[in-house]
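Enquirer: Order-wise, the sequence lines are chains L and R.
So for the first sequence, my numbering puts the first residue at 3; every next one is plus one.
So for the second sequence, my numbering puts the first residue at 292; every next one is plus one.
Backbone N, C-alpha and C define an ideal beta-carbon position, used for all residues, glycine too.
What you are looking at is a predicted structure, and each value in this text was computed from that prediction instead of being measured.
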Amino acid sequence: MTRILIVEDNEMNRDMLSRRLKRKGYDIEVAVDGQQGVDMATELMPDIVLMDMSLPIMDGWKATKTLRNNPATAALKIIALTAHAMEGDRQKAMKAGCDDYDTKPIDLKRLLGKIEALL
Amino acid sequence: MGLKISPQQSRKDSARLDLLRQELYAPLLSIEGYTELLKEQIADEDCLSDLAKIKSAAGETRRLFEAMLEAETQQLDRDQRDSQRSSFKHDLRNSVGAISGYSEIILEELEDADELGDETRTYLEQQLADSSSLLQILDTLFVAEREFGDETEKSLNVDINSVFESFARSDRESAKRIHGNILVVDDNESNRKLLAHQLNRQGHEVNTAASGRAALDMVRANVPDLMLLDLFMPDMNGFDVLQEMHADEDLRAVPVIIITGLNDKNAAVKCIEAGAFDLLIKPVNPALLDARVVACLERKAWHDKEREYQQELEKSYTFIRKVFGRYLSDEVVQQILESDDGMQMGGGKQTVTIMMTDIRGFSMLSQALDPQDCVRMLNNYFGVMTPLIQKHDGVIDEFLGDAILAIFGAPVFSETHAQQAVACAIEMQKAMDEVNETNRKWGLPGIEMGIAVNTGEVVVGNIGSETRSKYGVVGHHVNLTARIESFTVGGQVMISEFTLAQLDSKVEIAQSMKVEAKGIKDPVRIHEITGIGAPYELYLPRAEQAVRTLREEIPVSYKRLSGKAIADKSASGYLVAAADGVAQLATDEELEVLTNLRMHVPGYPGAEDDQIFSKVTALASTQNGQNHYIIKLTSATVEARKYIDSMIEQT
Numbered sequence: 003m004t005r006i007l008i009v010e011d012n013e014m015n016r017d018m019l020s021r022r023l024k025r026k027g028y029d030i031e032v033a034v035d036g037q038q039g040v041d042m043a044t045e046l047m048p049d050i051v052l053m054d055m056s057l058p059i060m061d062g063w064k065a066t067k068t069l070r071n072n073p074a075t076a077a078l079k080i081i082a083l084t085a086h087a088m089e090g091d092r093q094k095a096m097k098a099g100c101d102d103y104d105t106k107p108i109d110l111k112r113l114l115g116k117i118e119a120l121l
Numbered sequence: 292m293g294l295k296i297s298p299q300q301s302r303k304d305s306a307r308l309d310l311l312r313q314e315l316y317a318p319l320l321s322i323e324g325y326t327e328l329l330k331e332q333i334a335d336e337d338c339l340s341d342l343a344k345i346k347s348a349a350g351e352t353r354r355l356f357e358a359m360l361e362a363e364t365q366q367l368d369r370d371q372r373d374s375q376r377s378s379f380k381h382d383l384r385n386s387v388g389a390i391s392g393y394s395e396i397i398l399e400e401l402e403d404a405d406e407l408g409d410e411t412r413t414y415l416e417q418q419l420a421d422s423s424s425l426l427q428i429l430d431t432l433f434v435a436e437r438e439f440g441d442e443t444e445k446s447l448n449v450d451i452n453s454v455f456e457s458f459a460r461s462d463r464e465s466a467k468r469i470h471g472n473i474l475v476v477d478d479n480e481s482n483r484k485l486l487a488h489q490l491n492r493q494g495h496e497v498n499t500a501a502s503g504r505a506a507l508d509m510v511r512a513n514v515p516d517l518m519l520l521d522l523f524m525p526d527m528n529g530f531d532v533l534q535e536m537h538a539d540e541d542l543r544a545v546p547v548i549i550i551t552g553l554n555d556k557n558a559a560v561k562c563i564e565a566g567a568f569d570l571l572i573k574p575v576n577p578a579l580l581d582a583r584v585v586a587c588l589e590r591k592a593w594h595d596k597e598r599e600y601q602q603e604l605e606k607s608y609t610f611i612r613k614v615f616g617r618y619l620s621d622e623v624v625q626q627i628l629e630s631d632d633g634m635q636m637g638g639g640k641q642t643v644t645i646m647m648t649d650i651r652g653f654s655m656l657s658q659a660l661d662p663q664d665c666v667r668m669l670n671n672y673f674g675v676m677t678p679l680i681q682k683h684d685g686v687i688d689e690f691l692g693d694a695i696l697a698i699f700g701a702p703v704f705s706e707t708h709a710q711q712a713v714a715c716a717i718e719m720q721k722a723m724d725e726v727n728e729t730n731r732k733w734g735l736p737g738i739e740m741g742i743a744v745n746t747g748e749v750v751v752g753n754i755g756s757e758t759r760s761k762y763g764v765v766g767h768h769v770n771l772t773a774r775i776e777s778f779t780v781g782g783q784v785m786i787s788e789f790t791l792a793q794l795d796s797k798v799e800i801a802q803s804m805k806v807e808a809k810g811i812k813d814p815v816r817i818h819e820i821t822g823i824g825a826p827y828e829l830y831l832p833r834a835e836q837a838v839r840t841l842r843e844e845i846p847v848s849y850k851r852l853s854g855k856a857i858a859d860k861s862a863s864g865y866l867v868a869a870a871d872g873v874a875q876l877a878t879d880e881e882l883e884v885l886t887n888l889r890m891h892v893p894g895y896p897g898a899e900d901d902q903i904f905s906k907v908t909a910l911a912s913t914q915n916g917q918n919h920y921i922i923k924l925t926s927a928t929v930e931a932r933k934y935i936d937s938m939i940e941q942t
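1. So is GLY396/R in contact with chain L if we call contact Cβ pairs under 8 Å?
2. Could you tell me which chain L residues have their CB closer than 8 Å to the CB of LEU426/R, listed as they occur along the chain?
3. Could you tell me if SER391/R is buried or exposed, where buried requires 16 or more neighbouring beta carbons within 10 angstroms of its beta carbon?
4. Please confirm whether ARG21/L has its beta-carbon closer than 8 Å to some beta-carbon of chain R.
5. Report yes if the CB atom of TYR393/R is closer than 8 Å to the CB atom of TYR325/R, and no otherwise.
6. Have a look at THR779/R and ALA743/R and give me their C-alpha separation to the nearest angstrom.
7. Where does TYR316/R fall in DSSP's three states?
8. With a threshold of 16 other CB atoms inside 10 Å of the CB of TYR316/R, please say whether the residue is buried or exposed.
9. Within the continuous alpha helix (DSSP H) that includes ALA659/R, where are the two ends?
10. How long is the line joining the alpha carbons of GLN917/R and LEU882/R, rounded to whole angstroms?
11. Would you decide whether LYS860/R is buried or exposed? Buried here means 16 or more other CB atoms lie within 10 Å of its CB.
12. With 9 Å as the C-beta to C-beta threshold (strictly closer), list the residues of the stretch 67-86 of chain L near chain R in chain order.
13. Applying a beta-carbon distance threshold of less than 7 Å, which residues of chain L neighbour LYS346/R?
14. According to the neighbour-count rule (16 or more other Cβ atoms, all chains shown, within 10 Å of its Cβ), is TYR28/L buried or exposed?
15. If you measure from the beta carbon of PHE439/R to each beta carbon in chain L, is any gap under 8 Å?
16. With respect to the beta strand (DSSP E) encompassing TYR103/L, which residues constitute its N-terminal and C-terminal limits?
17. Should GLU399/R be flagged as near chain L, meaning a C-beta pair shorter than 8 Å?
18. Between the alpha carbons of ASP405/R and LEU110/L, how many angstroms are there, rounded?
19. Have a look at ILE473/R and GLU361/R and give me their C-alpha separation to the nearest angstrom.
20. Anything in the stretch 11-44 of chain L with a Cβ closer than 9 Å to a Cβ of chain R? List those residues in chain order, please.
21. Mind checking whether ARG816/R and SER796/R have CB atoms under 8 Å apart?
22. Give me the DSSP bridge partner(s) of PRO577/R.
23. From SER374/R to ILE775/R, what distance separates their C-alpha atoms?
24. Taking only beta-carbon positions, decide if VAL404/R is within less than 8 Å of chain L.
25. Cα-Cα, which of PHE523/R, ASN745/R and VAL387/R is closest to SER347/R?
26. For MET96/L, count neighbouring Cβ atoms within 10 angstroms of its own Cβ and tell me buried if that reaches 16, exposed if not.
27. For ILE800/R, is the classification buried or exposed, using 16 other Cβ atoms within 10 angstroms of its Cβ as the cut-off for buried?
28. Taking just the CA atoms, how far does GLY824/R sit from THR644/R?
29. With burial defined as no fewer than 16 other Cβ atoms inside 10 Å of the residue's Cβ, what is the status of ARG384/R: buried or exposed?
30. Using a Cβ cut-off of 9 Å, pull out every chain L residue sitting near SER321/R, in sequence order please.
31. Keeping to the same chain, check which residues put their C-beta closer than 7 Å to that of LYS561/R; ignore five residues upstream and five downstream.
32. Excluding the 5 residues preceding and the 5 following GLY552/R in the sequence, name in chain order all residues of the same chain whose CB lies nearer than 6 Å to its CB.
33. Helix, strand or coil: how does DSSP classify THR411/R here?
34. Looking at the structure shown, is ASP337/R part of a helix, part of a strand, or coil, going by DSSP?
35. Of the residues GLY99/L, ALA76/L, LEU83/L and PRO73/L, which one's Cα is nearest the Cα of VAL9/L?
36. Alpha carbon to alpha carbon, what distance is there between ALA33/L and ALA389/R?
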């Protein structure tokens, strides 16, 4: 079963995304801040990490870099999620080492397409 | 660094924010309205908890809107403003995203459980559409602020810039208010030149005239800000010039300072009494001249400004009228303009009285009529009814074909909305004579109207999507009103028990019955009202015409209609008596009052293909085991009516 780690501090976003992905048959784990995200990703080695970029304690950019710098987690598939729909965000996310990028609010179909493309 | 904002700019900004507020709140109000409706539709516990999350996300969105609009009024430098806006947009994307996300989750879950009703689906999809409009607005918000602002204005079809043009004008004028266009009138050339020279040095624009007559011609051609007038001139003295100017409406407002010699004081006093602003004694002291001129010009500038503001005020009144006038009467708009708290435009639950009217058998009539006649007839009908509804403080929410939906008690609060609506309904029924009088003059058939009135709690507010939203009501009580309306026959006013309970005035009740309605648990008692007492004293004429026996009984066959469904079995009976639009049906069957019938009546040209619709209004008698019902012909062709009338026994 495909395991997805959602790193998201907004409770509603976390609730919505995890429930909808579970319904689609994914195995879902959640982390609520960047540090927890890094810890859980390292421990669980999920197939996909959905990473919110504005997170407390450690933001998504830093968390992504941390994962990339650790040889064990360097190859994890990471999709960046941001609620800032700005042009530069995509490039910034790719530069930070994300495999793909999507904007919030989540368009489930679009996100599923990106997840499947990475698997 | 201090930021300079001109008063005009800030007024324009606040108008822009008002438009933005309107743009943002329309979909949000709609979302909040549908959330309330969905609460009544959904039974599943999980979905209800998701609905509560939608509600809280909508609340969060509302708080963010308020905070964002508040922040827009602060004076910030560009970087601060950008980062603030970006942070609001970020948070709003999350809160609006929660509305759409949870709406989708509820849709999916109800669909999977096979519990998704049509209404629920519609409401949820509407919520999705509204949240997507909000996201679109957020996407463009502040990105190209100018274009966005202009678009908003265009979409409202109001040119906000024109409203502000004259503000700009008066601001420009106030900046140079101590300078003016001055006309110097003196027959003495050296005096004239001296004055002109002094005034020029003080920065004024100066024209001169050598006689009273020439002065008047010049003033008429180009109205100056101030006139300096010599009292004694050969052709026409200053006093006469003053009087002639006073008689001319365009020139009356031009201030005049009289220039006079020491000996002419009495004449000068006369001039002041005749309307001159001030006087100066020759030879004129330059400092005194300057002071008087500036004082005079300042005063005139204030006068002009006052007049401009007055015009401005009128313009904004016109603006508000344009926006609200479509669905509110002049009086209501006036009330809104005059009061700070009389209007509640925000969405929310509110108890109102709803009125629905309908022309009986209109679809059949419209088929028989020429389209132009049909429109002419409807316009005549609406033309008579609209002022009556407005007179009783009702708001016409919608004309739907031949139907009117009106609201009493919102957006302007009224304590007596139920009573106003009932009085209005009676007066409207009475006005049908006037409507039909005109129809007759035009050679068109007469029409009859049924009116239903109901009172209850509904969601009111601006409902719709970004592109099309309007002030309106939704809720079970709207549906109940429509249901009651379907029970009325032409000439009747039916009100629900809920409306009756709110009335202070005495009413005449002709009959009462219980009806069942979708979405309302218990059967609702409805009452036919034929009159209302003080302070209205409006009564319908007793239309109870005695039916007259037919020469020959007409055998008919009929089917019962319930809702849109038609009973399978056809029954037979006889028409035994009739009067204008009414007949007496004898049948073995038992029929309930208010049952609709579809009848075939043989015996006239085209009868085979014709259908007559009627409604049972009363059980007249039981004779020889047969029930005799009074039926009202709700929809019948002219031929059918003629035939039945022709069968009435002549005495």
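Expert: This is what the structure gives:
1. Note on identity: in this sequence residue 396/R is Ile, with Gly being the wrong assignment. Interface residue, yes.
2. PRO107
3. buried
4. yes
5. By the CB criterion at 8 Å, TYR393/R and TYR325/R fall outside the cutoff.
6. The straight-line gap from Cα to Cα measures roughly 7 Å.
7. helix
8. Burial state of TYR316/R is buried, judged by a 10 Å Cβ sphere holding 16 or more other Cβ atoms.
9. 653-659
10. 11 Å
11. exposed
12. Answer in chain order: THR84, ALA85 and HIS86.
13. Correct list: empty, because the minimum Cβ distance to chain L is about 12 Å.
14. By the neighbour-count criterion, in which a residue is buried when 16 or more other Cβ atoms sit within 10 angstroms of its Cβ, TYR28/L is buried.
15. The predicted model places PHE439/R with a pLDDT of 38, which falls under 50 and marks its position as unreliable, so this point remains unresolved.
16. 102-105
17. yes
18. 21 Å
19. 47 Å
20. The residues in question are ASN12, MET14, ASN15, ASP17, MET18, LEU19, ARG21, ARG22 and ARG25.
21. no
22. Note: PRO577/R sits in no beta bridge, so no partner.
23. 56 Å
24. Here the sequence assigns Ala to residue 404/R, which means Val is not the residue at that position. Not closer than 8 Å to any Cβ of chain L, the Cβ of ALA404/R fails to qualify, so no.
25. VAL387/R
26. Exposed, by the Cβ-count rule.
27. Exposed, since its Cβ has fewer than 16 Cβ neighbours within 10 Å.
28. 19 Å
29. By the Cβ-count criterion, ARG384/R is buried, with 16 or more other Cβ atoms from all chains shown falling within 10 Å of its own Cβ.
30. Under the 9 Å cutoff, chain L gives no residues; its nearest Cβ is about 18 Å from SER321/R.
31. PHE530
32. LYS573
33. DSSP places THR411/R within a helical segment (H, G or I) once states are collapsed to three.
34. helix
35. LEU83/L
36. 19 Å
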